[in-house]
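*Asks:* Below is the structure I would like to discuss, written out as structure tokens.
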Amino acid sequence: MPHGRTDPLLNDDIGLAEYIACARRDGSVTIDSPDGKLFLVAPDIRRDGVQLPFTEAGSLLALPLLRAAYSDRMAWVMSVLSGLAYLPFERDDESYEELAAALAQADLALTAVFDSPETGTRGYLAHRTDAYGVLVFRGTEKDRKDIVTNLNARFYETPSGKMHRGFSLAYESVRGQIEAAVQKLRERDPHCQLFVTGHSLGGALALSATCHLEKSHLIAACYTFGSPRVGAPEWSDGLKTPVYRVVNGADCIPTVPGGAVSEWLIGLLPEWPLIGWLKRRAEKGFVGFQHAGDLRFLADHEGRPWLKIGAAAGWFRFKYFVWGKLIGAVMQLAPGRLSALFADHGIAAYQQKLQSIARRRNAGSPE
Numbered sequence: 000m001p002h003g004r005t006d007p008l009l010n011d012d013i014g015l016a017e018y019i020a021c022a023r024r025d026g027s028v029t030i031d032s033p034d035g036k037l038f039l040v041a042p043d044i045r046r047d048g049v050q051l052p053f054t055e056a057g058s059l060l061a062l063p064l065l066r067a068a069y070s071d072r073m074a075w076v077m078s079v080l081s082g083l084a085y086l087p088f089e090r091d092d093e094s095y096e097e098l099a100a101a102l103a104q105a106d107l108a109l110t111a112v113f114d115s116p117e118t119g120t121r122g123y124l125a126h127r128t129d130a131y132g133v134l135v136f137r138g139t140e141k142d143r144k145d146i147v148t149n150l151n152a153r154f155y156e157t158p159s160g161k162m163h164r165g166f167s168l169a170y171e172s173v174r175g176q177i178e179a180a181v182q183k184l185r186e187r188d189p190h191c192q193l194f195v196t197g198h199s200l201g202g203a204l205a206l207s208a209t210c211h212l213e214k215s216h217l218i219a220a221c222y223t224f225g226s227p228r229v230g231a232p233e234w235s236d237g238l239k240t241p242v243y244r245v246v247n248g249a250d251c252i253p254t255v256p257g258g259a260v261s262e263w264l265i266g267l268l269p270e271w272p273l274i275g276w277l278k279r280r281a282e283k284g285f286v287g288f289q290h291a292g293d294l295r296f297l298a299d300h301e302g303r304p305w306l307k308i309g310a311a312a313g314w315f316r317f318k319y320f321v322w323g324k325l326i327g328a329v330m331q332l333a334p335g336r337l338s339a340l341f342a343d344h345g346i347a348a349y350q351q352k353l354q355s356i357a358r359r360r361n362a363g364s365p366e
């Protein structure tokens, strides 16, 4: 039976089941005794001389209940919103109205758009009243500014750890606009859950935004599609927000910048004059990056798309990319196979598979 510091001592006739039923949120307990008195049991309860597991939990019991688990339907919605970010809404009113009309189909209102002419970084904020908001970033376009951002892969020191310099500078160019818009959204709808998403470069920017915003705002989740690596291990591991990293088939963009394997291979190079110089340059960036979040891999099996998670996701990813596409293309000298590495990167391919999976897995489920 439970016992601990009491005033007066807890009556031995009260069992553990009743104790648990009467537990208050601060860990203390008030229980009716046989003589009608109330007893307060201090939170450092012990049972049979063994300290119970939550006795010293303290603030750990303030659980982040609003952080959202992975959802098939939400993943598809996020992929569609990421695709809409490619509309040139910053150029003409027609595209802006097209974006607003598309969002309205999902009961979302276009709250704000972001645009940095300096870096080419763009995105928008949408909101569904009393439900959720979504911060969306545009991915890579055929634009010199985006190419410069992607290739500027030297490490950049931030308070959260080392990250991709180009991605950091791109986000900083719109950070003020985003923080002001998110703050207004929070003031208008304090209980709104905020999601962050993006495809390709947009996924990298979504991660950058999540890293900054989670320090002052609760982020429900971040969904990325075909995102490159963004930071060093200490940066990636420091994120608290749930990050769902969706990768399709042989999409090659998530393989860059180089990760731990590339860093190890670079370390094996000899210190010859030119090679040694290249080696030292690579060690300052370009390799040693790490993905953030949980991998969700989109595979094909018997003509149907399937979602793989955990260890299976990693194995299928290796199988699809390294053997099914890369090695096969080299061995057969088939340029068409190399093009598949980029075909799998298109946001339309993600949308099609995610919609099929969501329909199949949620057929007949309650809304």
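Under numbering that gives the first Met the number 0, the first residue of the sequence shown carries the number 0, and numbering increases by one thereafter.
Here a beta-carbon is modelled for each residue, glycine too, at the ideal position from N, C-alpha and C.
Only a predicted model underlies this, so the values are computations on that prediction, with no experimental measurement involved.
1. Enumerated in chain order, which unbroken segments of the beta strand (DSSP E) with a length of 3 residues or greater are wholly contained in the region 62-150?
2. Look up SER27 in the DSSP assignment and say whether it is helix, strand or coil.
3. Should THR374 and VAL242 be called a contact, given that it needs their Cβ atoms to be closer than 8 Å?
4. What did DSSP end up calling CYS251 once you bin it into helix, strand or coil?
5. Taking DSSP as the reference, what is the three-state secondary structure of VAL229?
6. Going along the chain, which residues of its own chain have a beta-carbon closer than 8 Å to the beta-carbon of GLY275, five neighbours each way excluded?
7. Have a look at VAL79 and GLN350 and give me their C-alpha separation to the nearest angstrom.
8. May I ask you to report which of helix, strand or coil DSSP gives ALA22?
9. Pick helix, strand or coil for GLU178, following the three-state DSSP scheme.
10. Do GLY165 and LEU150 have their C-beta atoms closer together than 8 Å?
11. For GLY313, count neighbouring C-beta atoms within 10 Å of its own C-beta (all shown protein chains included) and say buried if the count is 16 or more, exposed if not.
12. Tell me where the beta strand (DSSP E) around THR240 begins and ends.
13. First and last residue of the alpha helix (DSSP H) that includes HIS211?
14. Taking PRO189 as the reference, which of VAL246, THR240, THR128 has the closest Cα?
15. Tell me the DSSP secondary structure of LYS161 in three-state form.
16. What distance in whole Å lies between the Cβ atoms of VAL229 and ALA291, which are believed to be in contact at a cut-off of 8 Å?
17. Return the residue from the list ALA203, GLU117, ALA111, SER167 that minimises the CA-CA distance to GLN182.
*Replies:* Reading off the structure:
1. Taken in chain order, the complete beta strand (DSSP E) segments of 3 residues or longer contained in the region 62-150 are 108-115, 120-127, 131-136.
2. By 1-based counting over the sequence shown, the position of residue 27 is 28. With a pLDDT of 47 at SER27, under the threshold of 50, the modelled position of that residue is not reliable, and the figure given next carries that caveat. Coil at SER27, not helix or strand.
3. Only positions 0 to 366 of the chain appear in this structure, which leaves residue 374 out of reach.
4. Counting from one through the sequence shown, the residue named residue 251 turns up at place 252. Here CYS251 sits in coil by DSSP.
5. For this step, residue 229 is matched to residue 230 along the sequence shown. Three-state result, VAL229: coil.
6. What you label residue 275 is simply residue 276 of the sequence shown in a count that begins at 1. The answer, listed in chain order, is LEU268, PRO269.
7. Residue mapping note: residue 79 aligns to position 80 of the sequence shown, counting from 1. Residue mapping note: residue 350 aligns to position 351 of the sequence shown, counting from 1. Straight-line Cα distance between these residues: approximately 6 Å.
8. Walking along the sequence shown from the start, residue 22 turns up at place 23. At ALA22, the pLDDT of 48 sits below 50, so the modelled position is not reliable; the number obtained from the coordinates is stated separately. DSSP places ALA22 in the strand class (E or B) of the three-state scheme.
9. The sequence position of residue 178 within the sequence shown is 179, counting from 1. In this structure, GLU178 counts as helix in the three-state DSSP scheme.
10. Reading the sequence shown from its first residue, position 166 is the one you call residue 165. Reading the sequence shown from its first residue, position 151 is the one you call residue 150. Between GLY165 and LEU150, the CB-CB gap stays under 8 Å.
11. Taking the first residue of the sequence shown as 1, we reach residue 313 at position 314. So GLY313 counts as exposed.
12. The sequence position of residue 240 within the sequence shown is 241, counting from 1. If you look at THR240, you'll find it isn't in any beta strand (DSSP E); DSSP assigns it neither H nor E.
13. In the sequence shown, residue 211 corresponds to position 212, counting from 1. Start and end: 200-212.
14. Working through the sequence shown from its first residue, we reach residue 189 at position 190. The shortest C-alpha separation from PRO189 is found at THR128.
15. Against the sequence shown, residue 161 aligns to sequence position 162. Three-state DSSP puts LYS161 in a strand.
16. Walking along the sequence shown from the start, residue 291 turns up at place 292. Walking along the sequence shown from the start, residue 229 turns up at place 230. Yes, ALA291 and VAL229 are in contact; Cβ-Cβ is about 7 Å, under 8 Å.
17. Reading the sequence shown from its first residue, position 183 is the one you call residue 182. Of ALA203, GLU117, ALA111, SER167, the residue nearest in Cα terms is ALA111.
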